[in-house]
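Peer 1: The structure is given below, and queries will be raised subsequently.
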Amino acid sequence: MTSSIMIAATDWNVPYIFKGATIIDDSYSWIGGQRLADLLKQKLLSFRIGKQQKSLFGDRVQFEKDCIHIQSTVDDFLSWTTSIDNNSLPIDHPLKQYSNKEYFAYADYMHLPELFENESHPLINMIKWADMGLKDRCGKESTLWIGSQGAHTPCHYDTYGINFVAQIVGK
């Protein structure tokens, strides 16, 4: 699909997947999420914690208002997502009391300029939406959403136009 067609297709009503599109202009590896942790340093983010719930009909949606809120760094979040059990986490770890097999965690809708209180942060400058046909868009118009396996928000319509989501790490 060409860029001009993509920009003109504002009436899409189903998701499209563009595999291999590059939006991060960075020479470092993003495997495992450590690069993001390095860029965010020890910045505390607000994470929502929800219980992974199964039913006969599949996973049950947990609404944002029903989640627990905690403050955590991306480093702590990554160590939690990769821990085999919580006994390996330090006693003061912010996610220690939540098993990653029973709970999900996510930090959402963080507008990058507000998150960094600076429009020239390296992460903001790395984001280029040109592969998606959005040549005049960059990190200044981007938000960050970080989630563990099972993390979700209920299906909803956003009022500000088209959402382009770039999954950098995970499956």
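Going by my numbering, the letters in the sequence shown line up with residues -13 to 157, in that order. Here a beta-carbon is modelled for each residue, glycine too, at the ideal position from N, C-alpha and C. If you're wondering where the values come from, they're calculated on a predicted model, not measured in any experiment.
Classify I35: buried if its beta carbon has 16 or more other beta carbons within 10 angstroms, exposed otherwise.
Peer 2: Within the sequence shown, residue 35 is the residue found at index 49, counting from 1. With 16 or more other Cβ atoms within 10 Å, it is buried.
Peer 1: Does chain B have any CB closer than 8 Å to the CB of K37?
Peer 2: Checking the listed chains, one finds no chain B in this structure; it contains a single protein chain.
Peer 1: Would you mind stating whether I160 and S128 have Cβ atoms separated by less than 8 Å?
Peer 2: As shown, the chain starts at -13 and ends at 157. That puts residue 160 outside it, with no answer to give.
Peer 1: For T67, report the span of its beta strand (DSSP E) as first-last.
Peer 2: In the sequence shown, counting from the first residue as 1, residue 67 sits at position 81. From DSSP, T67 is part of no beta strand (DSSP E) but of the alpha helix (DSSP H) over V60 to T68.
Peer 1: Taking all protein chains shown into account, decide if T145 is buried (16 or more other Cβ within 10 angstroms of its Cβ) or exposed.
Peer 2: Residue mapping note: residue 145 aligns to position 159 of the sequence shown, counting from 1. It is exposed - the Cβ of T145 has fewer than 16 other Cβ atoms within 10 Å.
Peer 1: Which two residues bound the contiguous alpha helix (DSSP H) that contains D24?
Peer 2: Looking up residue 24 in the sequence shown gives position 38. Q20 to L26 is the span of the alpha helix (DSSP H), which, as asked, contains D24.
Peer 1: Grab the span of the alpha helix (DSSP H) containing F102 for me, first residue to last.
Peer 2: If you number the sequence shown from 1, residue 102 lands on position 116. Start and end: L98 to F102.
Peer 1: With the cut-off set at 8 Å, would you say Q57 and P80 are in Cβ contact?
Peer 2: For the purposes of this step, residue 57 is identified with residue 71 of the sequence shown, where counting begins at 1. For the purposes of this step, residue 80 is identified with residue 94 of the sequence shown, where counting begins at 1. Yes.
Peer 1: With C-beta atoms as the reference, is D94 less than 8 Å away from W131?
Peer 2: Here residue 94 is taken as the residue at index 108 of the sequence shown, counted from 1. Here residue 131 is taken as the residue at index 145 of the sequence shown, counted from 1. In this structure, W131 lies closer than 8 Å to D94 by Cβ.
Peer 1: From the DSSP output, in three-state form, read off I3 for me.
Peer 2: Numbered from 1 along the sequence shown, position 17 holds the residue referred to as residue 3. Coil, per DSSP.
Peer 1: Taking the runs of the beta strand (DSSP E) that are 3 residues or longer, which of them lie wholly in the region 114 to 139?
Peer 2: Listed in chain order, the complete beta strand (DSSP E) runs (minimum 3 residues) inside the region 114 to 139 are 129 to 133.
Peer 1: Considering just the uninterrupted stretch of the beta strand (DSSP E) at L109, what are its terminal residues?
Peer 2: Walking along the sequence shown from the start, residue 109 turns up at place 123. Not the beta strand (DSSP E): L109 falls in the alpha helix (DSSP H), residues P108 to M112.
Peer 1: For the beta strand (DSSP E) that contains L32, what are its first and last residues?
Peer 2: Here residue 32 corresponds to residue number 46 of the sequence shown, with the count starting at 1. Just to set this straight, residue 32 is Ser in the shown sequence, not Leu. Looking at the DSSP string, the run of the beta strand (DSSP E) that includes S32 is L31 to K37.
Peer 1: Evaluate Y14 with the Cβ neighbour count: other Cβ atoms within 10 Å of its Cβ, from every protein chain shown; 16 or more gives buried, anything less gives exposed.
Peer 2: Here residue 14 refers to the residue found at position 28 when the sequence shown is read from its first residue. Exposed.
Peer 1: Report the partner residues of H55 according to the DSSP bridge assignment.
Peer 2: Position 69 of the sequence shown, counting from 1, holds the residue named residue 55. R34.
Peer 1: Taking the alpha carbon of G119 as the reference point, which residue from E50, F150 and E105 has its own alpha carbon closest?
Peer 2: Your numbering for residue 119 matches position 133 in the sequence shown. Residue F150 is the option with its Cα nearest to G119.
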